[in-house]
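The sequence shown begins at 284 in this note's numbering and counts up one residue at a time.
For glycine and all other residues, C-beta sits at the position ideal for the given N, C-alpha and C.
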Amino acid sequence: MRSHLLNDTTAESYRRSVTEGIERVAAKLATTTRPFTGVTVDALTPRIDAIDLDKPLLDTAAVLDELEDVYLRDAVYFHHPRYLAHLNCPVVIPAVLGEAILSAVNSSLDTWDQSAGGTLIERKLIDWTTARIGLGENADGVFTSGGTQSNLQALLLAREEAKTDTAAKLRIFASEVSHFSVKKSAKLLGLGQDSVVSIPVDHDKRMQTVALAHELERCRRDGLVPMAVVATAGTTDFGSIDPLPEIAELCEQYGAWMHVDAAYGCGLLASLRYRDRIDGIERADSVTVDYHKSFFQPVSSSAVLVRDSSTLRHATYHAEYLNPRRMVQERIPNQVDKSLQTTRRFDALKLWMTLRVMGADGIGQLFDEVCDLAVEGWKLLAADPRFDVVVEPSLSTLVFRYIPTAVTDPAEIDRANLYARKALFASGDAVVAGTKVSGRHYLKFTLLNPETTVDDMAAVLDLIAGHAEQYLGESLDRAS
């Protein structure tokens, strides 16, 4: 079995095996005509259950054949222009190359003696990102597994920086359409979900700062502590961007930590035309960025950034077997001193390769294209009497609802939209997401693929309308 260990004696076997796998994936990408096959749980589960993991196939080609049957054939392919569902982007080739390199070398980014140059590359990228945000000379940060972890760490720092010893007094303020990880983080931090104060949004799904000011004042009046305000730069459902300058003013006035969840909107940091949409982000105490959403990176690639590097001490623990205190005096850079994780992949390499091959402008151009595409999609929906579109996009998300001419019952329209989404997914012709707006079911295009066209969107809208009309027709038949 030593022949399977990657080392100097197996380098040629490694090259052959990886090449064979890459060729399989490349062939799949080249021939995929739909984002999904429409396979069901009931159809796929028996194929996987039938595999006996205690009986290896002992042959890479045979394993790849099996993988084709249980995974590659039925995977949901985000690169397809009619995948329009969640915040999943097609990935750029330099990043995939970085993924292959980092997996083979397998550096762990917790301590210097496990990563060396990897540590410095990650730190360089953190400095690059904080400079793009404008956080100042004393800024710092660390790569994370994703936006949920970044938000958790940011709120941990905010909790530790809050001026109280009574956790029950702490309050977090976030908009009613903020990411669920805010409430989840509050629970994990021992604060409870009730500690999160939901702030209403305006017609454009942006936090109402008048309401925020009212709640902050009430917090102060009730003897509570405004621990943090979470402003969102790119909400998951709408791509809306909260009014960052006004929120920054209120945070300063009430002594609250300002966290900006820019997991989605961080693509604007590289934008050639729309960077001003996140003006005010430079005043944040902490920022979440997900490069694997709008920098076209493979999962995972995220970071939490802070204005004051000293606040990262709240995540620092020293162990003699890993990062003893003496290493600080010896100026040995250990990333575990900043991170909630210990063992951690060298995910920074993917972004490094992307910037060195494409440059920031190349990333920004791609993100600008999907933002422009969303505007065209909004015009398409606004002009189509079959659909109600909720809000003009700030980034690249469109939320809409099929509205039949002959049916007025909102519950029946809900069911038609739900059916259309499920039927579309089952067909494999396209994948769209769904959400609720004011208690009603809506559909969602999340546009992160520059290869998607207006014609693609128009075709998917026709498919949605067709499925919804089919459901309503069958419903009327059943009723009669």
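Per DSSP, cross-strand counterpart(s) of residue i
i	result
T729	T680
M490	V484
M541	V512
A716	K727
Y366	V714
R442	Its beta-bridge partners do not exist; DSSP assigns none.
Y685	F670
L588	G424 and V570
I455	V479 and A511
I524	A516
Backbone CA spacing between residue i and residue j [nearest angstrom]
i	j	result
G517	I482	16 Å
A546	S433	9 Å
A657	L474	38 Å
V484	V324	38 Å
K446	A706	53 Å
T293	D620	35 Å
Q476	A469	6 Å
H542	D352	44 Å
E382	A586	17 Å
S554	S577	10 Å
L327	D291	39 Å
T413	T594	15 Å
T718	D357	25 Å
F361	H597	37 Å
H722	N421	The amino acid at residue 722 is misidentified as His; the sequence shows Gly. C-alpha separation (whole angstroms): 44 Å.
V611	T599	12 Å
R566	N371	28 Å
Buried or exposed by the 16-neighbour rule on C-beta atoms within 10 Å, applied to residue i
i	result
H724	buried
Y685	buried
E734	exposed
M284	exposed
D568	buried
N750	A quick correction: the sequence has His, not Asn, at residue 750. Buried: at least 16 other Cβ atoms inside 10 Å.
A689	exposed
F463	exposed
S286	exposed
I747	buried
K407	exposed
G401	buried
Contact check, residue i vs residue j, beta carbons under 8 Å
i	j	result
S581	A378	According to the sequence provided, residue 581 is Pro. The question's Ser does not apply to it. Yes, Cβ-Cβ distance for P581 and A378 is below 8 Å.
L664	K727	no
D630	F426	yes
R307	L340	no
T492	I524	no
L730	G660	yes
A437	T571	yes
V460	F521	yes
L392	R627	yes
G321	S584	no
Residue i Cβ short of 7 Å to the ligand SAM heavy atom set
i	result
A378	Annotation note on the ligand SAM: not contained in the displayed structure, which lists no ligands.
Checklist line | the segment 455 to 469 in contact with the segment 500 to 516 per 3-pair CB rule at 8 Å | finding: Yes: at least three Cβ pairs fall under 8 Å.
Check: Do the segment 531 to 540 and the segment 489 to 505 touch if we need at least three Cβ pairs shorter than 8 Å?
Finding: Short answer: they touch.
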